[in-house]
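Per the numbering used here, numbering through the sequence shown is continuous, rising by one, with the last residue being 451.
Reading through the structure tokens given below for one structure.
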Amino acid sequence: MNKTDRKTLNPFIILAVFLLLLSSAIAGTKKAAADGTFIQPMLCGFWTDAEWQKEITALKNAGMHYIVISTAAECAPGKAARVIYPTNLPNTERATRGDGIPYPDVIENCLRNAEVSGMKVFVGIGNNESWWKNKIDSTWLYKQMDFDNEVCDELWQLYKKKYPNAFYGWYWTYEIANFDYTNAELDEIATAMNIQLDHLIAANEKIPFMWCPYMNAKIGTAEKYEVMWEYIFKQLHTTAGDIFCPQDCVGAGGLTINEVDEWFSALRKAVDTKPELEFWSDVETFDHNDWSSASIGRIVKQLKIEQPYVDNYITFAYSHYQSPTVADSGYQKTYVDYLENGKIETIPPTEPGNLNAVSLDNGKVRLAWNASSDNIGVCKYFIYRNGVKISKKQPEVFYDRKVKFGPTITFTDEKLKADTKYTYQVQACDFADNVSPLSAPVTVTTK
């Protein structure tokens with residue numbers, strides 16, 4: 005290359021380097037933040053417009069833009085499909101809640117309120133209990149896809165023109181795991197998905213198509229799951245904007261939080277073989293050990309671990325576990341504080357005071373203490389017996405919205421040995437996982 009060539013090329017090199025640095029800077033400042041949530045009919049099925057707007061306002065205040073409503077039609081062998089919208093399809097019936105009262109038009113209510121609020125909705129299509137047999141059976145699966153296509157046609161006719169902005173995408177509800185499938189079974193999975201995709205394309209009903217598989221480190225490796233999805237992706241008739249959105253499985257226990265990086269790194273490689281696909285994460289916001297709400301501290305850890313690999317996040321499910329409409333407002337306050345400041349707050353609660361222990365009959369000890377205080381709020385208390393953590397006192401979520409939130413400040417320890425000394429302490433924990441000092445110990449002898 006001569007001197008003239010170098011002069012000609014240098015500006016382009018400089019521009020390329022500048023753009024590379026700029027894109028890296030933008031990527032580095034992208035906030036690890038949830039952009040949506042699942043909402044299931046069991047929660048929202050009977051909401052009024054006022055209740056919908058209350059929930060949507062909370063989600064928008066938390067920086068979210070998407071709702072995933074699932075599922076329009078639930079099927080089971082030998083039974084009529086249970087639907088949550090008015091349908092003319094044969095062998096269907098309106099789904100009911102536990103007391104037998106039929107659901108109203110849940111899809112309509114969701115889309116109507118989302119349309120006026122600027123939210124985007126993925127509509128769950130169909131589901132069938134037979135899926136959970138874990139072995140693929142194309143006989144029922146392909147037939148189910150034909151039925152689900154009829155559901156899509158009906159939903160499209162009922163709602164797309166009416167709510168063009170809110171009706172944003174489809175959610176394919178069948179959750180594909182990392183089982184040891186044969187290639188023939190993987191071919192059947194791909195064929196089933198293509199039956200749906202091809203129909204949507206042919207019927208001009210194709211909008212972003214999202215599905216949320218899951219994984220369990222106990223039954224396979226990240227590398228095998230990567231290879232499995234690369235095999236499926238080669239066959240899928242997806243189009244630009246479709247979304248591969250695996251559950252991060254931290255809440256359900258399929259992965260520990262320390263395993264997430266390895267699995268999402270592998271799945272990113274698989275997605276890169278299908279350039280038109282977007283890669284989102286379905287962040288689990290619960291704890292399967294007691295089905296309690298995950299702390300904001302844990303959720304932010306999940307978001308940040310997955311951040312280098314994914315394009316966006318939804319949650320399963322902020323509306324069910326952290327929303328101020330069903331849970332203590334401390335979750336929302338702590339999360340919004342994180343969004344505004346870019347980091348989790350670090351102020352711990354005060355030490356629980358005046359711990360008291362009383363021996364009861366039948367090998368029981370009852371504890372009571374004074375509540376701790378915190379700059380945002382106390383999420384839960386940990387109970388220690390003889391220096392070992394034995395329990396957690398944390399309020400449940402309540403769908404009736406009439407419960408006063410806040411962790412209880414009493415605890416009963418049971419099945420203890422008679423005439424034995426036990427020493428107890430209590431520790432407060434806030435919504436960001438900051439913990440207080442342990443309370444002063446108290447010792448009691450059982451009767």
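We put the CB at the ideal spot given by N, CA and C, even for glycine.
With DSSP as the reference, label P106 as helix, strand or coil.
-> The sequence position of residue 106 within the sequence shown is 102, counting from 1. P106: strand per DSSP, three-state reduction.
Quick one: using the 10 Å Cβ neighbour count with 16 as the cut-off for buried, is I261 buried or exposed?
-> Translated into positions along the sequence shown, residue 261 becomes position 257. Exposed.
On the three-state DSSP scale, how would you describe D434?
-> Start at 1 with the first residue of the sequence shown, and residue 434 comes out as number 430. Reduced to three states, the DSSP call for D434 is strand.
For L162, the nearest candidate out of V127, Y175, E179 (CA to CA) | Residue mapping note: residue 162 aligns to position 158 of the sequence shown, counting from 1. The option with the nearest alpha carbon to L162 is V127.
Can you tell me whether D348 is buried or exposed, with buried defined as 16 or more other CB within 10 angstroms of its CB?
-> Working through the sequence shown from its first residue, we reach residue 348 at position 344. Checking the displayed sequence, the identity of residue 348 turns out to be Ile instead of Asp. Looking at its Cβ environment, which holds 16 or more other Cβ atoms inside 10 Å, I348 is buried.
Close Cβ partners of Q200 (< 7 Å) along its chain, the five nearest in sequence each way excluded = Here residue 200 refers to the residue found at position 196 when the sequence shown is read from its first residue. These residues qualify, in order along the chain: M149, D152, N153, W176.
Quick one: is D252 buried, meaning 16 or more other Cβ sit within 10 Å of its Cβ, or exposed?
-> As a first step, residue 252 is located in the sequence shown; it is residue number 248 there, counting from the start. Buried: at least 16 other Cβ atoms inside 10 Å.
Burial state of M219, where buried means 16 or more other Cβ atoms lie within 10 Å = Position 215 of the sequence shown, counting from 1, holds the residue named residue 219. Of the residues assessed, M219 falls on the buried side of the cut-off, its CB having 16 or more other CB atoms within 10 angstroms.
Could you name the residues that DSSP lists as bridge partners for V72?
-> For the purposes of this step, residue 72 is taken as the residue at position 68 of the sequence shown. Answer is F42, F126, bridged to V72.
Could you give the uninterrupted runs of the alpha helix (DSSP H) lying entirely in the segment 228-287, keeping only those of 4 residues or more?
-> 264-275
Beta-bridge pairing of Y175 - partner residues as DSSP gives them | In the sequence shown, counting from the first residue as 1, residue 175 sits at position 171. Per DSSP, G128, M214.
K124: buried (16+ other C-beta within 10 angstroms of its C-beta) or exposed?
-> Counting from 1 along the sequence shown, the entry for residue 124 is found at position 120. Burial check for K124: the Cβ neighbour count within 10 Å reaches 16 or more, so the residue is buried.
Where G301 falls: helix, strand or coil (DSSP) = Here residue 301 is taken as the residue at index 297 of the sequence shown, counted from 1. The answer is helix: DSSP assigns G301 an H, G or I state.
Coil, strand or helix - V120 by DSSP | Taking the first residue of the sequence shown as 1, we reach residue 120 at position 116. Helix, per DSSP.
Endpoints, beta strand (DSSP E) assigned at F320 | Translated into the one-based positions of the sequence shown, residue 320 becomes position 316. Element bounds for F320: 316-320.
Burial state of V448 (16 or more Cβ within 10 Å) | Translated into positions along the sequence shown, residue 448 becomes position 444. Buried is the call here.
Sorted by chain position, which residues of the same chain lie with C-beta nearer than 8 Å to Y185's C-beta, five sequence neighbours on each side aside?
-> If you number the sequence shown from 1, residue 185 lands on position 181. Cβ within range, chain order: I140, I193, M232.
Just to confirm, are D39 and N374 a CB contact at a threshold of 8 Å?
-> Here residue 39 corresponds to residue number 35 of the sequence shown, with the count starting at 1. Here residue 374 corresponds to residue number 370 of the sequence shown, with the count starting at 1. In this structure, N374 does not lie closer than 8 Å to D39 by Cβ.
Straight-line Cα distance separating S121 from I60 = For the purposes of this step, residue 60 is taken as residue 56 along the sequence shown, with counting starting at 1. For the purposes of this step, residue 121 is taken as residue 117 along the sequence shown, with counting starting at 1. Rounded to whole angstroms, I60 to S121 spans 7 Å at the Cα level.
To the nearest angstrom, report how far apart L47 and D265 are at their CA atoms.
-> Residue 47 sits at position 43 when you count from the first residue of the sequence shown. Residue 265 sits at position 261 when you count from the first residue of the sequence shown. If I take the Cα positions, the gap works out to 32 Å.
Using the rule of at least 16 other Cβ atoms within 10 Å of the residue's Cβ for burial, across every protein chain shown, is R86 buried or exposed?
-> As a working note, residue 86 is residue 82 in the sequence shown. Its Cβ being crowded by 16 or more others within 10 Å, R86 is buried.
Rounded C-alpha distance that separates A436 from T350 | Translated into the one-based positions of the sequence shown, residue 436 becomes position 432. Translated into the one-based positions of the sequence shown, residue 350 becomes position 346. About 7 Å.
Go through its chain and collect everything with a Cβ distance to F42's Cβ below 6 Å, but skip five positions before and after it.
-> By one-based count along the sequence shown, residue 42 stands at place 38. Same-chain partners within the cutoff: V72, F320, A321.
Step through the CB atoms of chain B and report whether any lies within less than 8 Å of the CB of V127.
-> No chain B is present in this structure, which holds just one protein chain.
By how many angstroms is the C-alpha of P250 removed from the C-alpha of P353?
-> The count along the sequence shown starts at 1 and reaches residue 353 at position 349. The count along the sequence shown starts at 1 and reaches residue 250 at position 246. Spanning the two alpha carbons is a distance of roughly 35 Å.
Put T414 into one of helix, strand or coil per three-state DSSP.
-> Stepping through the sequence shown from its first residue, residue 414 is reached at position 410. It is a strand residue.
Can you find at least 3 beta carbon pairs, one from the segment 304-314 and one from the segment 389-404, that sit closer than 8 Å?
-> Contact between the segment 304-314 and the segment 389-404 is absent, because fewer than three Cβ pairs lie under 8 Å.
Just grab the DSSP bridge partners of S377 for me.
-> As a position in the sequence shown, residue 377 is number 373, starting the count at 1. According to DSSP, S377 bridges with nothing at all.
Give the DSSP bridge partners of V392, in chain order.
-> Taking the sequence shown and counting its residues from 1, one reaches residue 392 at position 388. DSSP output for V392 lists R389 as bridge partner(s).
How many angstroms separate the CA atom of Q44 from the CA atom of S74?
-> Your numbering for residue 44 matches position 40 in the sequence shown. Your numbering for residue 74 matches position 70 in the sequence shown. Spanning the two alpha carbons is a distance of roughly 5 Å.
By a C-beta neighbour count over all protein chains shown, 10 Å radius and 16 as the cutoff for buried, is L25 buried or exposed?
-> Locating residue 25 in the sequence shown gives position 21, where the first residue counts as 1. Note that L25 scores a pLDDT of 44, beneath 50, so its modelled location is shaky; the value from the coordinates is reported in the next line. Flag for L25 reads exposed.
Where do the N-terminal and C-terminal ends of the beta strand (DSSP E) with E78 fall, by residue?
-> Sequence index remark: in the sequence shown, residue 78 carries index 74 (1-based). Element bounds for E78: 77-79.
Going by DSSP, what residues sit across from Y426 in a beta bridge?
-> Reading the sequence shown from its first residue, position 422 is the one you call residue 426. In the DSSP output, where bridge partners are listed per residue, Y426 has V448.
Quick one: is E230 buried, meaning 16 or more other Cβ sit within 10 Å of its Cβ, or exposed?
-> Locating residue 230 in the sequence shown gives position 226, counting from the first residue. With 16 or more Cβ atoms within 10 Å of its Cβ, E230 is classed as buried.
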